[in-house]
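Participant:
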Amino acid sequence: MIASGAKNLTENVDLINSLNVFPVPDGDTGTNMNMTFVSGSQNVTKATDQHVGQLSQALAKGLLMGARGNSGVILSQIFRGFSSAIKDHETLDAQQFAHAFSGGVESAYKAVMKPVEGTILTVARESAIAGEKKAQETDNIIEIMEAIVEGAKVSLDNTPNLLPVLKQVGVVDSGGKGLLCIYEGFLASLKGEDIVKEDLSHLDSPEHVHAIFDDANEHPLSMDDITYGFCTEIMVRIGEGPTVRKSFDYEGFRQRLNKMGDSLLVIADDEIVKVHVHTEDPGKVMQLGQEFGELIHIKVDNMREQVRELEQKEQTQQAPATPQVPVEQKDMAVIAVAAGKGMVELFKSLGVDEVLEGGQTMNPSTEDFVKLVEKVNAKQVVLLPNNKNITMAAEQVNDLVDADVAVVATRSIPQGIVAMMTYDESASLSENQEAMNEGKNDVVTGQITYAIRDTQIDGIDIKEKDYMGIIDDKIKVSTPSIEESLKQTLELMIDEDTEILTILIGEDGEDSILEPIIDELEEQYEDMEVEVVQTDQPVYHYIIAAE
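The sequence shown runs 4 to 550 under the numbering used here.
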C-alpha cells in the first residue's frame, strides 16, 4: 500500500503543483509532499520486519527525516499519528485500520498552531470520519478504504467553499489533492489494480477547471501579504551537541516559537524535532533549537525575494517580445557570499558580479554556487565565501563547472571587502587569487552579537543575553551592555597603526549607539579614517573592519 501510494503521488506531482494558489512561500506542494512520502516509503523498503506496527514506525521515521515544506511536515504528522495508533499491532482488522486514519488526524491538528479548514487537514479529517462510519457497517478493509477515498474526494471538492482564496483562483487545495493521491494508491494496492495517472483535462470536478494557471487567473502573493519574510525550517537532534542547556519540553518550545512568527509547525519524536515557521529572524529560531540539541538541517527562503522574482517574471511575460541576444561571455567574474540588502549593494559597488545570499546562519550549498557560476557566464570565476563554514562548499565547485574557479578563503565580511580592494580584472586568475589571499590578511575583523546561553570560553564568563565582542573568531568581550561591548571591542582592535576603521551596521544595530563612540575615537586617533555603512546584515549588530 505504501509503495503504491508513493507511486501515485509521484505520478501526479505536476498536477498537484499546478494547484498551488501561491508559488510562495513553501515551494511546490506536490514536490515537497512527494519527496517527503518517498523518504518514508524508502525507509519501509529497508525494513525487514513483517510486523505492521513496526513497519508503520519505519514509515513515520522516514517521513519525519524527509519532511520538506509546510505540506510535507503536515503529511509526516498525519502518518506519525497513523503509526502511533497501530504501533502495537502485528496485523490489523478493519476497525483498527479505520482508527489509524483518525489517529493521524488528531496528531496533525495538534502539530499546527492555528489549523485552517479547507486544507489537507480538512481532507484528512473528513475522509477519516467516512472510514470510521464504514467500519461500523463492515469488516471488509477494501470497502473501508473505498469510503475513505470517496470521503477525501468529496472533502477536496468542498475546499474552495471553506477557503475563499481557493475559490478566487479556481482550484481545490493542493495538499488535500496530494493526500487523496496517496489514499487512491492505497486502494489500488488493496484491490490489486494498476495506478492510472490522472489526466487534468478529464477531471470531473468543476473546481479543477482552472487549476493550471495562466496569466489571466494567477494571483501572486504580494509584499503586503507577507508579515514574516523568511520561511525557516530546522531539524534538531534532541539532547546532543555542545550548545544544549536544557531538556526538551515540546509545549514550551512550541510556545516560544509561536512568538517568533506564524505558519508554525512543530513535530517531534524521542530523537528529532522538526520546525517550520515564517519569521523575521531565522537566527533566533536556530538559536532556540540549539538550546535543546544539535542542528542537523537548516533551510531558509526569503519570501520577499521570491515575490520580487515572480513580479519580475510576470512583467517580463507581459512585456513585448524582444529578440534574445546571447549574453557575451566575460573573461572573469567574482561571486561573494553576504546577507543584507546594504551588504549586497556594498559588494556590488566593489566590483562583485553576483552576491549569493548567506552567511553564519544560512550556509549556501555547492549547488547554489554552481548555479551562480553558470549565471555569470565567465571563463574564470573568483569565489569569496566570507565565512569559514562555507569555504568547503565553495571548493567543490571547480570540478562541477566548465569555468576555471578559484576560491579565496575569506573567513569574514571584512576580509572579503579588503580582498576586493586588490582584485584586478586584467590580471590572471592565479594572480588574483594570490593577491586577494594576501590582501585579506591585512584586516582585523570584529563582530558584536548576543549570547544565547551561559558559558565560559578562554577564561571569559559569558551570560545569556550578554553582548559579545568577537575578534578574528575569538570571543574577547562579554558585557550586558551593547555600548560597552562595542567600546571594549574597538579598544582591543585599534592601535596607533590603524589607518581605516569601517563599521557595518546590521539590521539590529543602531546609529545612535555609534555616534558618541565614534566621536571619542576620532578625538583619540586623529589620523584614522572612520566610515559607517548601513548594511542590514542579520545575526551581528555590528561588523567592524580595522586596517
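Glycine residues also receive a C-beta, built at the ideal position from the N, C-alpha and C atoms. None of the values given here were measured: they were computed from a predicted structure.
1) Note down the Cα distance separating Ser433 from Ala336, rounded to an integer number of angstroms.
2) What residue ranges within the region 268-315 form continuous beta strand (DSSP E) runs of no fewer than 3 residues, ordered along the chain?
3) With a Cβ-Cβ cutoff of 8 Å, do Ala342 and Ile420 count as a contact?
4) Given 8 Å as the limit, is there contact between the region 248-264 and the region 279-288, that is, 3 or more CB pairs closer than that?
5) The alpha helix (DSSP H) with Leu576 in it runs from where to where?
6) Are there 16 or more other CB atoms within 10 angstroms of the CB of His222, so buried, or fewer, so exposed?
7) Rounded to the nearest angstrom, what separates Glu377 and Arg128 at their Cα positions?
8) Can you find the residues in the same chain that come closer than 7 Å, C-beta to C-beta, to Lys64, ignoring five residues on each side of it along the sequence?
9) Use the C-beta contact count for Val168: other C-beta atoms within 10 angstroms, 16 or more gives buried, fewer gives exposed.
10) So the candidates are Glu254, Ala133, Gly292, Gly345; which of them puts its Cα closest to the Cα of Arg456?
11) CB Tyr296 to CB Gly255, shorter than 8 Å?
12) Does DSSP put Leu524 in a helix, in a strand, or in coil?
13) Which residue wins for smallest C-alpha separation from Val536, given the options Thr505, Glu550, Glu518, Ala101?
14) Roughly how many angstroms separate the alpha carbons of Lys391 and Val446, rounded to a whole number?
15) With DSSP as the reference, identify every bridge partner of Asp511, one or two as the case may be.
16) Report the three-state DSSP secondary structure of Tyr253 (helix, strand or coil).
17) Return the bridge partner residues of Lys477 from the DSSP annotation.
18) Going by beta-carbon coordinates alone, are Ile229 and Val303 separated by less than 8 Å?
19) In three-state terms, what does DSSP make of Leu67?
20) To the nearest angstrom, report how far apart Ser130 and Ile151 are at their CA atoms.
21) Does the beta-carbon distance from Ile145 to Phe100 come in below 8 Å?
22) May I ask you to check if the CB of Asp522 is nearer than 7 Å to at least one heavy atom of the ligand ADP?
23) In the DSSP assignment, find the unbroken beta strand (DSSP E) run with Val47 in it and report its ends.
24) Going straight from the alpha carbon of Ala422 to that of Ser110, what length do you get?
25) DSSP state of Ser484, grouped into three classes?
26) Applying the 10 Å Cβ sphere with the 16-neighbour rule, what's the burial state of Leu493?
27) Return no unless some Cβ of chain D is closer than 8 Å to the Cβ of Ala422.
28) Only counting the same chain, and skipping five residues up and downstream in sequence, which positions put a Cβ closer than 6 Å to that of Gly442?
29) Near Met38, what residues of its chain come up, given a Cβ to Cβ distance below 8 Å and the 5 sequence neighbours on each side ignored?
30) So, is Gly188 buried or exposed, given that buried needs 16 or more other C-beta atoms within 10 angstroms?
31) Could you spell out the range, first to last residue, of the beta strand (DSSP E) harbouring Gln537?
32) What is the DSSP secondary structure of Arg240, reduced to helix, strand or coil?
33) In three-state terms, what does DSSP make of Val27?
34) By how many angstroms is the C-alpha of Asp142 removed from the C-alpha of Asp96?
35) Taking buried to mean at least 16 other C-beta atoms within 10 Å of its own C-beta, is Ser44 buried or exposed?
36) What's the C-alpha gap between Ile478 and Ala397?
Facilitator: Working from what's here:
1) To locate residue 433, count along the sequence shown from 1; it is residue 430. To locate residue 336, count along the sequence shown from 1; it is residue 333. Per the coordinates, the alpha-carbon of Ser433 lies some 13 Å from the alpha-carbon of Ala336.
2) Segments of the beta strand (DSSP E) lying fully in the region 268-315: 275-282, 296-305.
3) Looking up residue 342 in the sequence shown gives position 339. Looking up residue 420 in the sequence shown gives position 417. The answer is no: Cβ separation not under 8 Å.
4) Verdict: yes, contact present.
5) Here the chain covers residues 4 to 550 and nothing more, so residue 576 does not appear.
6) For the purposes of this step, residue 222 is identified with residue 219 of the sequence shown, where counting begins at 1. Residue placement at His222 cannot be trusted, given a pLDDT of 36 that sits under 50; what the coordinates show is reported in the next sentence. Looking at its Cβ environment, which holds fewer than 16 other Cβ atoms inside 10 Å, His222 is exposed.
7) For this step, residue 377 is matched to residue 374 along the sequence shown. For this step, residue 128 is matched to residue 125 along the sequence shown. Roughly 46 Å separates the two Cα atoms.
8) Your numbering for residue 64 matches position 61 in the sequence shown. Taken in chain order, the residues that qualify are Asn46.
9) Indexing the sequence shown from 1 puts residue 168 at position 165. Result: exposed.
10) Walking along the sequence shown from the start, residue 456 turns up at place 453. If we check each option's Cα against that of Arg456, Gly292 comes out closest.
11) By one-based count along the sequence shown, residue 296 stands at place 293. By one-based count along the sequence shown, residue 255 stands at place 252. Here residue 296 is Gly; the residue named in the question, Tyr, does not match the sequence. Pairing Gly296 with Gly255 gives a Cβ-Cβ distance that is not under 8 Å.
12) In the sequence shown, counting from the first residue as 1, residue 524 sits at position 521. Secondary structure at Leu524: helix, using DSSP grouped into helix, strand and coil.
13) Start at 1 with the first residue of the sequence shown, and residue 536 comes out as number 533. Cα-wise, what sits closest to Val536 is Thr505.
14) In the sequence shown, the residue the question calls residue 391 occupies position 388. In the sequence shown, the residue the question calls residue 446 occupies position 443. So the alpha carbons of these two residues sit roughly 16 Å apart.
15) To locate residue 511, count along the sequence shown from 1; it is residue 508. Asp511 is not bridged to any residue.
16) To locate residue 253, count along the sequence shown from 1; it is residue 250. DSSP places Tyr253 in helix when its eight states are reduced to three.
17) Walking along the sequence shown from the start, residue 477 turns up at place 474. Among the bridge pairs identified by DSSP, Lys477 is matched with Ile474.
18) Your numbering for residue 229 matches position 226 in the sequence shown. Your numbering for residue 303 matches position 300 in the sequence shown. Against a cut-off of 8 Å, the Cβ pair of Val303 and Ile229 comes out as no contact.
19) For the purposes of this step, residue 67 is identified with residue 64 of the sequence shown, where counting begins at 1. In the structure shown, Leu67 sits in a helix (DSSP, three-state: H, G or I).
20) Translated into positions along the sequence shown, residue 130 becomes position 127. Translated into positions along the sequence shown, residue 151 becomes position 148. Distance between the alpha carbons of Ser130 and Ile151 is about 5 Å.
21) Here residue 145 refers to the residue found at position 142 when the sequence shown is read from its first residue. Here residue 100 refers to the residue found at position 97 when the sequence shown is read from its first residue. In this structure, Phe100 does not lie closer than 8 Å to Ile145 by Cβ.
22) No copy of the ligand ADP appears in this structure; indeed no ligand is present at all.
23) Along the sequence shown, read from residue 1 onward, the residue named residue 47 stands at position 44. Segment 32-49 is the alpha helix (DSSP H) holding Val47; no beta strand (DSSP E) there.
24) Counting from one through the sequence shown, the residue named residue 422 turns up at place 419. Counting from one through the sequence shown, the residue named residue 110 turns up at place 107. Cα-Cα distance, rounded: 52 Å.
25) To locate residue 484, count along the sequence shown from 1; it is residue 481. Here DSSP, grouped into helix, strand and coil, assigns Ser484 to coil.
26) If you number the sequence shown from 1, residue 493 lands on position 490. With at least 16 other beta carbons inside 10 angstroms of its own, Leu493 counts as buried.
27) No chain D appears in this structure, which consists of one protein chain only.
28) Sequence index remark: in the sequence shown, residue 442 carries index 439 (1-based). The residues are Val421, Ala422, Thr425.
29) Working through the sequence shown from its first residue, we reach residue 38 at position 35. Gly69, Arg71, Gly75, listed in sequence order.
30) For this step, residue 188 is matched to residue 185 along the sequence shown. Burial call: buried.
31) The sequence position of residue 537 within the sequence shown is 534, counting from 1. Run containing Gln537: 532-537, per the beta strand (DSSP E) assignment.
32) As a first step, residue 240 is located in the sequence shown; it is residue number 237 there, counting from the start. In the structure shown, Arg240 sits in a strand (DSSP, three-state: E or B).
33) As a working note, residue 27 is residue 24 in the sequence shown. Per-residue confidence for Val27 stands at a pLDDT of 37, beneath the threshold of 50, marking its modelled position as unreliable; no derived number is given.
34) Position 93 of the sequence shown, counting from 1, holds the residue named residue 96. Position 139 of the sequence shown, counting from 1, holds the residue named residue 142. Cα to Cα, Asp96 sits roughly 7 Å from Asp142.
35) Position 41 of the sequence shown, counted from the first residue, corresponds to residue 44. Note on Ser44: 16 or more other CB atoms within 10 angstroms of its CB, so buried under the neighbour-count rule.
36) Residue 478 sits at position 475 when you count from the first residue of the sequence shown. Residue 397 sits at position 394 when you count from the first residue of the sequence shown. Looking at the two C-alpha atoms, the distance is approximately 26 Å.
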